[in-house]
DNA sequence: CGTTGATATGTTATATCATAACATTTCGAT
DNA sequence: ATCGAAATGTTATGATATAACATATCAACG
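Protein chains in written order, with the working numbering: chain P, 78 to 206; chain Z, 78 to 206.
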């Protein structure tokens, strides 16, 4: 089910996990160059696997990636990202009511959902205080 | 409030409105070249204004744009896009319950939302039948 | 009018994000 | 040991987006 990570995948995941904020593929490349990774495809391939395994998420509105805060496996429901445009911090939630309403909406439309993206941009509690 | 559109803005909006599917900025550029628009910044500027006015939306997960199906002004609540990955069709909704839950979630976190992105990718009724 | 200031436009160049294509290596299963 | 699948390395290029600056348009004011 969850394949063990290869060297490159682990390096990219470590770089992502140790970052405070979402990282673009090229920012990650800079962080793993010292480990011998030299070109974008190597990073994108690792990210593809990490995202498929649920260990990382792509933030569409930033063209960047974050490590999944749950550390392993897939989340049960639609993942909500709250993204602070001031400090860059991202919080990740799953809300049952929200997930349920999205499922209902899809059903009403006879739409077969495959992947949902929900990103809230704004100011976090600390920055808007 | 709603400024009248300039020539370039109107050209880009027309190109977007007459398209069946989301259009990238470069696809739009191809569609308005005959009208004398020659370079990406001209398209991106027009799009920026159209999105600000609520006449168009950016689909983050596609890096593409659609004309707002309501034709004018801003939508009351979080806009939900259902995007068919088979035929490319996009439907746009606003759902009160969903919008309300997103507002509540933000409040719970003391997060000041500025912009929400909710995109559901999958197969539409026609394509999944 | 004619000037002025704000906004839009035109243009070039370049930054940033992402993948195609193909050669090589690694490694588990037989 | 060999074979095949998967991962990796590498080069090149495609696709998306914006910086920077020059020019033009146009409404408001004296």
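Glycine is no exception: its CB is placed at the ideal position from the N, C-alpha and C atoms.
- Message: Out of P:176, P:173, P:159 and P:190, which one is the CA nearest neighbour of residue 187 (chain Z)?
- Response: Along the second chain, read from residue 1 onward, the residue named residue 187 (chain Z) stands at position 110. If we check each option's Cα against that of residue 187 (chain Z), P:159 comes out closest.
- Query: Buried or exposed: residue 99 (chain P), going by 16 or more other Cβ atoms within 10 Å of its Cβ?
  - Reply: As a first step, residue 99 (chain P) must be located in the first chain, where it is residue number 22. Classification of residue 99 (chain P): buried, given that the 10 Å Cβ count is 16 or more.
- Query: Does the region 86-97 of chain Z come close enough to the region 162-178 of chain P that 3 or more CB-CB pairs lie under 8 Å?
  - Reply: no
- Just to confirm, are residue 192 (chain Z) and residue 110 (chain P) a CB contact at a threshold of 9 Å? Position 115 of the second chain, counted from the start, is the residue given in the question as residue 192 (chain Z). Position 33 of the first chain, counted from the start, is the residue given in the question as residue 110 (chain P). Contact: no.
- First and last residue of the uninterrupted beta strand (DSSP E) at residue 139 (chain Z): Taking the second chain and counting its residues from 1, one reaches residue 139 (chain Z) at position 62. Per DSSP, residue 139 (chain Z) belongs to no beta strand (DSSP E) and is neither H nor E.
- Task: Using a Cβ cut-off of 9 Å (strictly closer), state whether residue 164 (chain Z) contacts chain P.
- Result: Here the question's residue 164 (chain Z) lines up with position 87 in the second chain. Not closer than 9 Å to any Cβ of chain P, the Cβ of residue 164 (chain Z) fails to qualify, so no.
- Task: May I ask you to list, following chain order, the residues of the region 174-196 of chain P that have a beta carbon less than 8 Å from some beta carbon of chain Z?
- Result: 174, 175, 178, 179, 182, 183, 186, 187, 188, 189, 190, 191, 192, 193, 194, 195 and 196
- Item | For residue 144 (chain Z) and residue 106 (chain Z), the rounded distance between their alpha carbons | Reading the second chain from its first residue, position 29 is the one you call residue 106 (chain Z). Reading the second chain from its first residue, position 67 is the one you call residue 144 (chain Z). Cα to Cα, the separation comes out at about 15 Å.
- Could you tell me the distance, in whole angstroms, from the CA atom of residue 138 (chain Z) to the CA atom of residue 200 (chain Z)? As a position in the second chain, residue 138 (chain Z) is number 61, starting the count at 1. As a position in the second chain, residue 200 (chain Z) is number 123, starting the count at 1. Roughly 15 Å between the two C-alpha positions.
- What distance in whole Å lies between the Cβ atoms of residue 124 (chain Z) and residue 104 (chain Z), which are believed to be in contact at a cut-off of 8 Å? Against the second chain, residue 104 (chain Z) aligns to sequence position 27. Against the second chain, residue 124 (chain Z) aligns to sequence position 47. The beta-carbon distance between residue 104 (chain Z) and residue 124 (chain Z), rounded to whole angstroms, is 12 Å. This is too long to meet the 8 Å contact definition.
- Message: Taking the straight line between their C-alpha atoms, what separation do you get for residue 206 (chain Z) and residue 168 (chain Z)?
- Response: Here residue 206 (chain Z) is taken as the residue at index 129 of the second chain, counted from 1. Here residue 168 (chain Z) is taken as the residue at index 91 of the second chain, counted from 1. Their backbone Cα atoms lie some 17 Å apart in a straight line.
- Query: Alpha carbon to alpha carbon, how far is residue 132 (chain Z) from residue 155 (chain P)?
  - Reply: By one-based count along the second chain, residue 132 (chain Z) stands at place 55. By one-based count along the first chain, residue 155 (chain P) stands at place 78. Cα-Cα distance, rounded: 28 Å.
- Which residues in chain P sit within 7 Å of residue 138 (chain Z), going by Cβ to Cβ distance? Looking up residue 138 (chain Z) in the second chain gives position 61. The answer, in chain order, is 137 and 194.
- Item | Extent of the continuous beta strand (DSSP E) to which residue 85 (chain Z) belongs | For the purposes of this step, residue 85 (chain Z) is taken as the residue at position 8 of the second chain. First-last for residue 85 (chain Z): 84-94, but that is the alpha helix (DSSP H), not the beta strand (DSSP E).
- Contacts around residue 173 (chain Z), its chain only, beta-carbon distance under 8 Å, and the 5 residues preceding and following it disregarded: Position 96 of the second chain holds residue 173 (chain Z). 154.
- Message: Would residue 119 (chain Z) and residue 85 (chain Z) be called neighbours here (beta carbons separated by less than 9 Å)?
- Response: The sequence position of residue 119 (chain Z) within the second chain is 42, counting from 1. The sequence position of residue 85 (chain Z) within the second chain is 8, counting from 1. Yes, the Cβ-Cβ distance between residue 119 (chain Z) and residue 85 (chain Z) is below 9 Å.
- Item | Same chain, Cβ closer than 6 Å to residue 162 (chain Z), neighbours up to 5 away in sequence not counted | Numbered from 1 along the second chain, position 85 holds the residue referred to as residue 162 (chain Z). Result list for residue 162 (chain Z): 198, in chain order.
- Within this structure, are the beta carbons of residue 196 (chain Z) and residue 157 (chain Z) separated by less than 9 Å? Within the second chain, residue 196 (chain Z) is the residue found at index 119, counting from 1. Within the second chain, residue 157 (chain Z) is the residue found at index 80, counting from 1. In contact: residue 196 (chain Z) and residue 157 (chain Z) (Cβ atoms closer than 9 Å).
- Message: Need the endpoints of the alpha helix (DSSP H) that residue 177 (chain P) sits in, please.
- Response: The count along the first chain starts at 1 and reaches residue 177 (chain P) at position 100. Note, residue 177 (chain P): alpha helix (DSSP H), 173-185.
- Item | Cross-chain neighbours of residue 199 (chain P) in chain Z, by beta carbon under 8 Å | Residue mapping note: residue 199 (chain P) aligns to position 122 of the first chain, counting from 1. Chain order gives the chain Z residues near residue 199 (chain P) as 183, 188, 189, 190, 191 and 192, where near means a beta carbon separation below 8 Å.
- Message: For a cutoff of 9 Å on Cβ pairs, would you count residue 161 (chain Z) as touching chain P?
- Response: Counting from one through the second chain, the residue named residue 161 (chain Z) turns up at place 84. Answer yes: the Cβ-Cβ gap between residue 161 (chain Z) and chain P drops below 9 Å somewhere.
- Task: Kindly identify the DSSP beta-bridge partner or partners of residue 160 (chain P).
- Result: Residue numbering aside, residue 160 (chain P) sits at position 83 when the first chain is read from its first letter. Answer by DSSP bridge pairing, in chain order: P:167 and P:198.
- When DSSP labels each residue in this structure, what does residue 190 (chain P) get in the three-state scheme? Working through the first chain from its first residue, we reach residue 190 (chain P) at position 113. For residue 190 (chain P), the secondary structure class from DSSP, reduced to helix, strand or coil, is strand.
- DSSP state of residue 153 (chain Z) mapped onto helix, strand, coil: In the second chain, counting from the first residue as 1, residue 153 (chain Z) sits at position 76. Here residue 153 (chain Z) sits in coil by DSSP.
- What distance in whole Å lies between the Cβ atoms of residue 164 (chain Z) and residue 204 (chain Z), which are believed to be in contact at a cut-off of 8 Å? Taking the first residue of the second chain as 1, we reach residue 204 (chain Z) at position 127. Taking the first residue of the second chain as 1, we reach residue 164 (chain Z) at position 87. Right, the Cβ-Cβ distance comes to about 5 Å (below 8 Å), so this counts as a contact.
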